[in-house]
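K.L.:
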Amino acid sequence: MILASAGNVLVWIVWVGAGFACLSSAVAVISFSNPFFSALSLIGNLASLAVLYLLLSAEFVAAAQVLVYAGAVVVMFLFVIAYVGPRMETPWAGGPNWQAVAAALAAGSIFLEVIVAIGLKAGGRLSHSEHVGRAFGTPAWIGRLFLTDHLLAFEITSIVLLVAAVGGVILGAHTKRTAGDEASA
Amino acid sequence: MNGPGVAWYLGIAAFLFGTGALGVLIRRNPLIVLLSLELMLNGGNLALIAFARHAGNGAGQIFALAVMAVAASEVCVGLGLVVAIHRRRLVLDVDQLSELRG
């Protein structure tokens, strides 16, 4: 009993630490004026989210999150930011204009709507979670689901990735040709 | 389930989504708009995984992995657009890139 409650307290401590890191790095992403620092704080956000996924016993998704986001997406962001050059922009420059106020109101109302929906509609039902086995969230379990129940989603995902890669190549190659035409003309 | 219940995770997910929406609406640099979109997708992913744990069902985790692939595709096309805009010597500002506006 004492051991179980000690484990419970430990989970709460890890949750509070990861949640605070997640929220503060999310605020940092949208408030830095240099996009380079924003991309770096996105790495902190992704790492703390991976900790939260581990607490929710989603081991494979946590590993894929770190590999795909921190390994590929953020590296690509940093490469493009270095390519176009850091362009400074102060988010709250020149006092609050109507657009920023309306944006803050819209974002706050989305947040409040979700919180109210959780609190009112599902508050009682969310208190008791299902008991899951040890295999829940492991790579073998996810792989079996992907190749049996969710095979169509798996295949469609591969097609989406292929189309996006071809689109990225076409976007890059097309502008290169027009830039060459302008230079020769 | 040890520790905090699903509602606490959903609160974090809602805050992430709201922060990302605020970033999309107030920032003018397209690179930071893309980063804020990543925040919104991550908020959705956290809610999906919390509900998957709550229901003891794997479909939420499968959906989260599919969202991750869609996010990677979106970054691929979005960064391709940013590089294309930069090559045409246009200003990287979503308020000034309004030629396609009707």
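If you read the sequences in order, they're chains A and B. Quick note: the first sequence, position 64, residue 207 per this note's numbering, numbers continuous. Quick note: the second sequence, position 95, residue 131 per this note's numbering, numbers continuous. Virtual Cβ for every residue (Gly too), placed ideally from N, Cα, C. Since this is a predicted model, take the numbers as computed values, not measurements.
Answer yes or no: does any C-beta atom of chain B fall closer than 9 Å to that of V154 (chain A)?
P.N.:
The sequence position of residue 154 (chain A) within the first sequence is 11, counting from 1. At least one chain B Cβ lies under 9 Å of V154 (chain A).
K.L.:
Taking CB distances under 9 Å as the criterion, tell me whether Q132 (chain B) reaches chain A.
P.N.:
Against the second sequence, residue 132 (chain B) aligns to sequence position 96. Not an interface residue.
K.L.:
Beta-carbon within less than 7 Å of F279 (chain A)'s beta-carbon, same chain only, minus the 5 sequence neighbours each way: which residues are those?
P.N.:
Here residue 279 (chain A) is taken as the residue at index 136 of the first sequence, counted from 1. Cβ neighbours of F279 (chain A) beyond the five flanking positions: S200.
K.L.:
If we define contact as Cβ-Cβ less than 9 Å, is W241 (chain A) a contact residue for chain B?
P.N.:
Counted from its first residue, the first sequence places residue 241 (chain A) at position 98. So no, W241 (chain A) is outside the interface.
K.L.:
Check whether the segment 205 to 217 of chain A and the segment 297 to 307 of chain A touch, using three or more Cβ-Cβ pairs below 8 Å as the test.
P.N.:
In short, these stretches do not touch, since the Cβ pair count stays below three.
K.L.:
Taking Cβ positions, are I62 (chain B) and I173 (chain A) nearer each other than 9 Å?
P.N.:
If you number the second sequence from 1, residue 62 (chain B) lands on position 26. If you number the first sequence from 1, residue 173 (chain A) lands on position 30. Taking 9 Å as the Cβ cut-off, I62 (chain B) and I173 (chain A) qualify as a contacting pair.
K.L.:
Could you check what DSSP says for S327 (chain A) in three-state terms: helix, strand or coil?
P.N.:
Translated into the one-based positions of the first sequence, residue 327 (chain A) becomes position 184. With a pLDDT of only 47 at S327 (chain A), under 50, the local geometry of the prediction cannot be trusted, and the value read off the model is given with reservation. Of the three classes helix, strand and coil, the one that applies to S327 (chain A) here is helix, per DSSP.
K.L.:
Just to confirm the assignment, what range does the alpha helix (DSSP H) spanning E110 (chain B) have?
P.N.:
Translated into the one-based positions of the second sequence, residue 110 (chain B) becomes position 74. Segment 95 to 123, the alpha helix (DSSP H) holding E110 (chain B).
K.L.:
Out of B:L117, B:H90, B:A108, B:S134, which one is the CA nearest neighbour of T300 (chain A)?
P.N.:
Indexing the first sequence from 1 puts residue 300 (chain A) at position 157. Among B:L117, B:H90, B:A108, B:S134, the Cα nearest to that of T300 (chain A) is on B:A108.
K.L.:
Can you tell me the Cβ-Cβ gap for V157 (chain A) and V204 (chain A), rounded? I've got them flagged as a contact below 8 Å.
P.N.:
Here residue 157 (chain A) refers to the residue found at position 14 when the first sequence is read from its first residue. Here residue 204 (chain A) refers to the residue found at position 61 when the first sequence is read from its first residue. So it is not a contact: roughly 17 Å between Cβ atoms.
K.L.:
In whole angstroms, what is the alpha-carbon distance linking L75 (chain B) and V42 (chain B)?
P.N.:
Position 39 of the second sequence holds residue 75 (chain B). Position 6 of the second sequence holds residue 42 (chain B). The straight-line gap from Cα to Cα measures roughly 20 Å.
K.L.:
How many angstroms separate the CA atom of V223 (chain A) from the CA atom of G276 (chain A)?
P.N.:
As a working note, residue 223 (chain A) is residue 80 in the first sequence. As a working note, residue 276 (chain A) is residue 133 in the first sequence. So the alpha carbons of these two residues sit roughly 43 Å apart.
K.L.:
With M219 (chain A) as the anchor, note down where its alpha helix (DSSP H) starts and where it stops.
P.N.:
The residue given as residue 219 (chain A) occupies position 76 in the first sequence. Per DSSP, M219 (chain A) belongs to the alpha helix (DSSP H) from 217 to 227.
K.L.:
Scan the segment 71 to 86 of chain B for residues whose Cβ lies nearer than 8 Å to a Cβ of chain A and list them as they occur along the chain.
P.N.:
Taking 8 Å as the Cβ-Cβ cut-off against chain A, the residues of the segment 71 to 86 of chain B that qualify are L71, S72, E74, L75, N78, N81, L82, I85, A86.
K.L.:
Run through DSSP, which three-state label would M141 (chain B) get?
P.N.:
Outside the displayed span of chain B (37 to 138) sits residue 141 (chain B), for which this structure offers no information.
K.L.:
Step through the CB atoms of chain B and report whether any lies within less than 9 Å of the CB of L111 (chain A).
P.N.:
Nothing can be reported for residue 111 (chain A): it is not among the residues displayed for chain A, which extend from 144 to 328.
K.L.:
Evaluate N240 (chain A) with the Cβ neighbour count: other Cβ atoms within 10 Å of its Cβ, from every protein chain shown; 16 or more gives buried, anything less gives exposed.
P.N.:
By one-based count along the first sequence, residue 240 (chain A) stands at place 97. N240 (chain A) should be labelled exposed.
K.L.:
Taking only the alpha-carbon atoms, compute the straight-line gap between V106 (chain B) and V244 (chain A) and give it to the nearest angstrom.
P.N.:
In the second sequence, residue 106 (chain B) corresponds to position 70, counting from 1. In the first sequence, residue 244 (chain A) corresponds to position 101, counting from 1. The alpha-carbon atoms of V106 (chain B) and V244 (chain A) are separated by roughly 31 Å.
K.L.:
Within 10 Å of its beta-carbon, does H90 (chain B) have 16 or more other beta-carbons around it, so buried, or fewer, so exposed?
P.N.:
Along the second sequence, read from residue 1 onward, the residue named residue 90 (chain B) stands at position 54. The residue is buried, with at least 16 neighbouring Cβ atoms inside 10 Å.
K.L.:
Using a C-beta to C-beta distance shorter than 9 Å, which residues of chain B count as neighbours of L195 (chain A)?
P.N.:
Here residue 195 (chain A) is taken as the residue at index 52 of the first sequence, counted from 1. Residues of chain B passing the Cβ test: Y45, I48, L82, I85, A86.
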